[in-house]
Amino acid sequence: MATGKQRDRTIMLIDGQSFYASVEKAAHPEYRDKPVAVGDPERKSGIILAACPIAKGRGVTTAERVGEAIAKCPDLVVIRPRMQTYITVSLLITEIYESFTDLVEPYSIDEQFLDVTGSLLGRGDAESLAHQIQTKVLLSTGVWSRVGVGPTKILAKMATDNFAKKRSEGIFKLDDGNIETELWPLSVDKMFMVGSRMTRHFWRMGLRTIGDIARLELGEFKRKMRKEMGKQSDIQAEYYWQTARGIDPSPVVSSVRGALQSVSHGKALRARLYRKLADVEVVLLELVVEVCRRARRLGKQGRVVSVGAVETDGERMLSFGRQTTLPHATSLTHEVAAAARQLFVQHWRGMPISRLFISLTQLSDDDTYQLTLFEDRTTVYNLERATDSIKDRFGDAAIMRASSLLESGVARERAAQIGGHYR
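Quick note: the sequence shown, position 382, residue 382 per full-length UniProt numbering, numbers continuous.
What follows is the structure, encoded as structure tokens:
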């Protein structure tokens, strides 16, 4: 159970219900009473990214094929995803949360932790505050929120997933007062971070519910885990035992980003189209262009270039990852591209490529950089930064290399997407 100062905290995990679909229904009032899902309506083999409650009630599920969803629900309205819109709405919701507390930690695009311990004064109890937040988010964005409340992040998360999502008011509090009666009777697979494989391990140990783990002494649980999973399982055992009891000392922090270690970019490819080096080189250069642009935007340059690839002939799947250290740190496209190409050519076995990956590491600030006798690097940096400015102002497709216009290029398609989905 929550211990020590943990009992004095009030933490919320707030989840946006069917987030992508809710944003689309708010943008299309005409679909208010219709089943709506987010996916590519032109690709029946594509997947459903989100479905509204009406669609779910008709059997539509997230991650199933669009064609399968339409077969279940013929009047389903499938809307192409707009990732930039969802990001914008998510950031707006963050600002709403920050009007209640400065301790807001994004967990995903539609889930965020809030520590409201210092925000309750004058605003009633936690449930009343949760309702205020729900109302403000709904009126501002059209997204209905479900709120789990607890003295720890882990209890707030399990309160949301197992209880708040199933209640019409969308609010549930889980703490020392009801953890034994509400959480512990649940099946062990309802515990946070317990997947199907771990569930099978617990079942073999005779542990069917969360309470079966929580009621054990830690030493006894460790012995059971060692017998089932080996001597290396002690850390896992302590994690799951603490989770079952709601113990979680981690604070809600407004930023979880540490020092930047790398700048990278990758792309999944249709292997049948990337059998020749000339075709692979086009994508390799496009990835380098994006990595170097990101590095310059962050004010960074790197000295170590890494290339990763997955190649397949339809039966076998092989992969490699190699890196090289440059004479000096850089974020100039032609310097990184030359190193990346050399690495790829040296280690490619010749099979079709299904994935490419480029990264720049051993980063340093780019406010100073190495000059050379044979190249005016200052002029080249100025040229690349001017190109960056054009893209920032007019879009990624405003200026690009001629090779990206070839059939093997992916930059034009990616310019209209975020995270692999349309903006």
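Glycine included, each C-beta is placed from N, C-alpha and C at the ideal position.
Here the C-alpha atom of valine 252 lies approximately 28 Å from the C-alpha atom of threonine 199. In this structure, alanine 411 lies away from serine 354, with their beta-carbon atoms at least 8 Å apart.
Per DSSP, reduced to three states, the secondary structure at alanine 214 is helical. The beta carbon of proline 41 sits closer than 6 Å to those of Val78, all from its chain and outside the five residues before and after it, given in chain order. The closest CA to that of glutamate 24, considering only Val104, Ile14, Trp203 and Pro53, is found on Pro53. With a 10 Å radius around the Cβ and a threshold of 16 neighbouring Cβ atoms, alanine 398 comes out exposed. Between leucine 114 and arginine 123, the gap from beta carbon to beta carbon reaches 8 Å or more. Looking only at Arg275, Thr85, Ser45 and Leu287, the smallest Cα-Cα distance to lysine 267 is reached by Leu287.
The criterion of a C-beta distance shorter than 8 Å is not satisfied by serine 22 and tryptophan 203. When Cβ pairs closer than 8 Å are counted between the two stretches, the segment 274-291 is seen not to touch the segment 313-323, the count staying below three. Counting C-beta pairs closer than 8 Å gives fewer than three between the segment 54-63 and the segment 106-120, which falls short of the contact rule.
Listed in chain order, the non-local C-beta contacts of alanine 51 below 8 Å within the same chain comprise Ser18, Ala21, Pro35, Val36, Ala37, Val38, Val60, Thr61, Thr62 and Ala69, local neighbours out to five positions each way being set aside.
Counting along the chain, the unbroken beta strand (DSSP E) around histidine 265 starts and ends at 262-268. The beta carbon of glutamine 362 sits closer than 8 Å to the beta carbons of Gly302, Arg303, Val304, Thr325 and Ala329 from its chain, once the five residues preceding and following it are set aside; these are given in chain order. For a cut-off of 8 Å, the C-beta gap from lysine 136 to isoleucine 96 is around 5 Å, short enough to register as a contact. Under the criterion of beta carbons closer than 8 Å, isoleucine 358 and valine 291 qualify as touching, at roughly 5 Å. The straight-line gap separating the alpha-carbon atoms of aspartate 189 and glycine 177 is approximately 22 Å.
Given a length threshold of 3 residues, each whole run of the beta strand (DSSP E) inside the segment 41-80 is given here in chain order: 77-79. Counting only residues of its own chain and dropping the five nearest sequence neighbours on each side, leucine 138 has a CB closer than 8 Å to the CB of Trp144 and Ser145. Annotated as proximal: alanine 295 and serine 331, with beta-carbon spacing under 8 Å. Here serine 90 is not near aspartate 75, since their CB atoms are 8 Å or more apart.
By the beta-carbon neighbour count (other beta carbons within 10 angstroms, threshold 16), proline 352 is buried.
Of Gly211, Ala156 and Ser140, the smallest CA-CA separation from threonine 181 is found for Gly211. For isoleucine 235, same chain residues with a beta-carbon under 7 Å away, outside a window of 5 residues either side, do not exist. If you draw a straight line from the Cα of leucine 186 to the Cα of threonine 209, it is about 6 Å long. By the CB criterion at 8 Å, aspartate 15 and threonine 160 fall inside the cutoff. Counting only runs that start and end inside the segment 10-36, the beta strand (DSSP E) elements of at least 3 residues fall at 11-16. For lysine 276, the three-state secondary structure derived from DSSP is coil.
Per the C-alpha coordinates, the member of Leu298, Asp313 and Glu98 positioned closest to arginine 275 is Asp313. Here glutamate 30 is exposed: its Cβ has fewer than 16 other Cβ atoms, across all protein chains shown, within 10 Å.
Around arginine 43, the same chain offers Val66 as residues with beta carbons nearer than 8 Å, after the five sequence neighbours per side are excluded. Restricting attention to Glu64, Lys222, Leu277 and Ser250, the CA atom closest to the CA of glycine 350 is found in Leu277. Given a length threshold of 3 residues, the segment 367-394 has no whole run of the beta strand (DSSP E) inside it.
Counting every other CB atom within 10 Å of its CB across the protein chains shown gives arginine 197 a total below 16, marking it as exposed. In this structure methionine 193 is exposed. Its beta-carbon is surrounded by fewer than 16 other beta-carbon atoms within 10 angstroms.
CA-to-CA, the gap between glycine 308 and leucine 356 works out to about 6 Å.
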